[in-house]
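Q:
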Amino acid sequence: MQITLNGEPRQVNPGMTVAMLLEELSEATGRDPRGVAVERNLEIVPKSEHAFTVLEEGDRLELVQFVGGG
Amino acid sequence: MSDPLIIAGKTYNSRLIVGTGKYASYQQNADAARAAGAEIVTVALRRVNLSDPGKEILTDFVKPDEFTYLPNTAGCYTADEAVRTLRLAREAGGWNLVKLEVLADQKTLYPNMPETLTAAKALIADGFEVMVYCSDDPVYAKMLEEAGCCAIMPLGSLIGSGLGIMNPVNIRLIVEQTRVPVIVDAGVGTPSDAAMAMELGCDGVLMNTAIAAAKDPILMASAMKHAVIAGREGYLAGRMPKKMYADPSSPLAGLI
Numbered sequence: 003m004q005i006t007l008n009g010e011p012r013q014v015n016p017g018m019t020v021a022m023l024l025e026e027l028s029e030a031t032g033r034d035p036r037g038v039a040v041e042r043n044l045e046i047v048p049k050s051e052h053a054f055t056v057l058e059e060g061d062r063l064e065l066v067q068f069v070g071g072g
Numbered sequence: 056m057s058d059p060l061i062i063a064g065k066t067y068n069s070r071l072i073v074g075t076g077k078y079a080s081y082q083q084n085a086d087a088a089r090a091a092g093a094e095i096v097t098v099a100l101r102r103v104n105l106s107d108p109g110k111e112i113l114t115d116f117v118k119p120d121e122f123t124y125l126p127n128t129a130g131c132y133t134a135d136e137a138v139r140t141l142r143l144a145r146e147a148g149g150w151n152l153v154k155l156e157v158l159a160d161q162k163t164l165y166p167n168m169p170e171t172l173t174a175a176k177a178l179i180a181d182g183f184e185v186m187v188y189c190s191d192d193p194v195y196a197k198m199l200e201e202a203g204c205c206a207i208m209p210l211g212s213l214i215g216s217g218l219g220i221m222n223p224v225n226i227r228l229i230v231e232q233t234r235v236p237v238i239v240d241a242g243v244g245t246p247s248d249a250a251m252a253m254e255l256g257c258d259g260v261l262m263n264t265a266i267a268a269a270k271d272p273i274l275m276a277s278a279m280k281h282a283v284i285a286g287r288e289g290y291l292a293g294r295m296p297k298k299m300y301a302d303p304s305s306p307l308a309g310l311i
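One line per chain: the protein sequences are G and V, in this order.
For the first sequence, my numbering begins at 3 and goes up steadily by one.
For the second sequence, my numbering begins at 56 and goes up steadily by one.
(1) Identify the contact partners of A99/V in chain G, using a Cβ-Cβ distance below 9 Å as the criterion.
(2) Taking three-plus beta-carbon pairs below 8 Å as touching, is the segment 103-119 of chain V in contact with the segment 128-141 of chain V?
(3) Would A174/V and L155/V be called neighbours here (beta carbons separated by less than 7 Å)?
(4) What residue range is occupied by the uninterrupted beta strand (DSSP E) comprising Y67/V?
(5) If you count every other CB in all the chains shown that lies within 10 Å of the CB of N167/V, and 16 or more means buried, which is it?
(6) Quick check: the segment 58-77 of chain V against the segment 41-51 of chain G, are at least 3 beta-carbon pairs closer than 8 Å?
(7) Specify, as a first and last residue, the run of the beta strand (DSSP E) that D240/V falls within.
(8) Going by DSSP, which residues form a beta bridge with L158/V?
(9) Quick check: the Cα distance between A276/V and M221/V, rounded to an integer number of angstroms?
(10) Quick one: list the residues of chain V neighbouring E64/G, beta-carbon separation under 7 Å, in chain order.
(11) How big is the Cα-Cα spacing for C204/V and Y165/V?
(12) Rounded to whole angstroms, what is the Cα-Cα separation between V153/V and D302/V?
(13) State yes or no: is the C-beta of N8/G within less than 7 Å of the C-beta of L57/G?
(14) Please confirm if the segment 76-89 of chain V is in contact with the segment 143-151 of chain V, defined as three or more CB-CB distances below 8 Å between the two stretches.
(15) Using DSSP's beta-bridge definition, name the partner residues of C189/V.
(16) At a CB distance below 9 Å, what residues from the segment 134-146 of chain V approach chain G? Give them in sequence order.
(17) Residues of chain G with CB under 9 Å from P126/V, in chain order?
(18) Quick one: Cα of P169/V to Cα of K297/V, how far?
(19) Residue ranges of each alpha helix (DSSP H) run of no fewer than 4 residues wholly in the segment 89-156 of chain V, ordered along the chain?
(20) Just mark N263/V as buried or exposed, buried being the case when its beta carbon has 16 or more other beta carbons within 10 Å.
(21) Is A79/V helix, strand or coil when you go by DSSP?
(22) Indicate whether at least one CB of chain G lies closer than 7 Å to the CB of A88/V.
(23) What separation, rounded to the nearest whole angstrom, lies between the Cα atoms of F68/G and L291/V?
(24) Identify the contact partners of I5/G in chain V, using a Cβ-Cβ distance below 9 Å as the criterion.
(25) Taking one C-beta from the segment 18-36 of chain G and one from the segment 123-133 of chain V each time, how about it: are there three or more such pairs within less than 8 Å?
(26) Hey, quick one: how far does the beta strand (DSSP E) through E59/G stretch, first residue to last?
(27) Are the C-beta of P272/V and some C-beta of chain G separated by less than 7 Å?
(28) Express the C-alpha separation of K176/V and G217/V in angstroms, rounding to a whole number.
(29) Let me know if I238/V comes out buried or exposed under the rule of 16 or more other beta-carbons within 10 Å of its beta-carbon.
(30) Quick check on M263/V - is its C-beta less than 7 Å from some C-beta in chain G?
(31) Could you tell me the boundaries of the beta strand (DSSP E) in which V260/V lies?
(32) Out of curiosity, what's the CA-to-CA distance linking A267/V and D34/G?
(33) Name the one or two DSSP bridge partners that R12/G has.
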């Protein structure tokens, strides 16, 4: 099924949770997913809910982290 | 002399807050922040870079266990965008102290004050400690203080302009009426600008470009540290009165 991740379309397996997605991205990038905040359809998904939040077709996900800024 | 800066109940020894944008590298950024003696650094919140995972990330260099991260809302033009951004920042970092800035237009990056006030009230109601970037209008500064902001941060001049303190009278008016820390945010270009802000009685200075865009950012960071200290001590010491005519410093008695 398709979701939108940081503005880009992405295919994910049905039943995938936010935690599983972060794990998959972490393996691909070699980056620690801690310090990443997740917003799903404009609502924050708290870290404590990552493992219980199942993605659905058409979900719009934003993954954000701190970068340099003034 | 112990002269700490207290923001939202937390004590800081440095009165210089620095940004983490526009540096040649995050390593240079970290070195400059250390040379500035800064304890607080502003940071922005952006999408995780999924296409270029090898790229350096801020937290590997300017580490959150060494510096207090102050998430900003740079790039937000409405109250809703700013509130959304800072809620995500709280989720990412886990802390409540934030820098609110709601901008009006890209040419001036001047603060949109009605939106800023709306966002400040929403954030404070949601448990945030809000340090607020604002115009140098004492009336709006008072409204933001009364709304519960923990620091009032008027611009010296436009963000990134380096024009210095364009309206020292207004900054002074804001200092005199405000009970929470007043921190000049934006516009400082030289160490003398920073010293001037502190001599006006400001509690601190926040800067980014003045250090990052210097030929030698590390040396400029050190210069800014000394300027803020000099300005602060000068303010506390109390300046001499200005006079129209000369007043000799050597005794007149005993002249040959």
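Ideal placement from N, C-alpha and C gives every residue a C-beta, glycine not left out.
A: Walking through what the data contain:
(1) Within chain G, the residues near A99/V are F68, V69, G70, G71, G72.
(2) No, the segment 103-119 of chain V does not touch the segment 128-141 of chain V.
(3) Less than 7 Å separates the beta-carbon of A174/V from that of L155/V.
(4) Start and end: 65-67.
(5) Buried is the call here.
(6) Too few Cβ pairs lie closer than 8 Å, so no.
(7) Going by DSSP, D240/V is part of the beta strand (DSSP E) stretching over 238-240.
(8) Per DSSP, the beta bridge partners of L158/V are P166/V.
(9) Looking at the two C-alpha atoms, the distance is approximately 22 Å.
(10) Chain order gives the chain V residues near E64/G as R102, where near means a beta carbon separation below 7 Å.
(11) Cα-Cα distance, rounded: 19 Å.
(12) Roughly 49 Å separates the two Cα atoms.
(13) No, these two residues do not count as a Cβ contact at 7 Å.
(14) The segment 76-89 of chain V and the segment 143-151 of chain V do not touch, with fewer than 3 CB-CB distances between them shorter than 8 Å.
(15) C189/V pairs with P209/V.
(16) Listed by position, the residues of the segment 134-146 of chain V near chain G (Cβ gap below 9 Å) are R139, T140, R142, L143, A144, R145, E146.
(17) Residues of chain G passing the Cβ test: F68, G71.
(18) Distance between P169/V and K297/V, taken at the CA atoms: about 39 Å.
(19) Correct list: 134-148.
(20) Buried, by the Cβ-count rule.
(21) If DSSP states are grouped into helix, strand and coil, A79/V belongs with coil.
(22) Residue contact check for A88/V against chain G: no CB pair falls below 7 Å.
(23) Roughly 37 Å between the two C-alpha positions.
(24) Going along chain V, no residue has its Cβ under 9 Å from I5/G, so there is no contact; the nearest lies around 13 Å.
(25) No, they do not touch.
(26) For E59/G, no beta strand (DSSP E) segment is defined, and its DSSP state is neither H nor E.
(27) So, not an interface residue.
(28) Their Cα atoms are separated by approximately 30 Å.
(29) Taking every protein chain shown into account, the CB of I238/V has 16 or more other CB atoms within 10 angstroms, so this residue is buried.
(30) The displayed chain sequence assigns Asn, not Met, to residue 263/V. Interface residue, yes.
(31) Unbroken beta strand (DSSP E) run through V260/V: 259-262.
(32) Going by C-alpha positions, A267/V is about 28 Å away from D34/G.
(33) Note: R12/G is bridge-paired with I5/G in the DSSP secondary-structure output.
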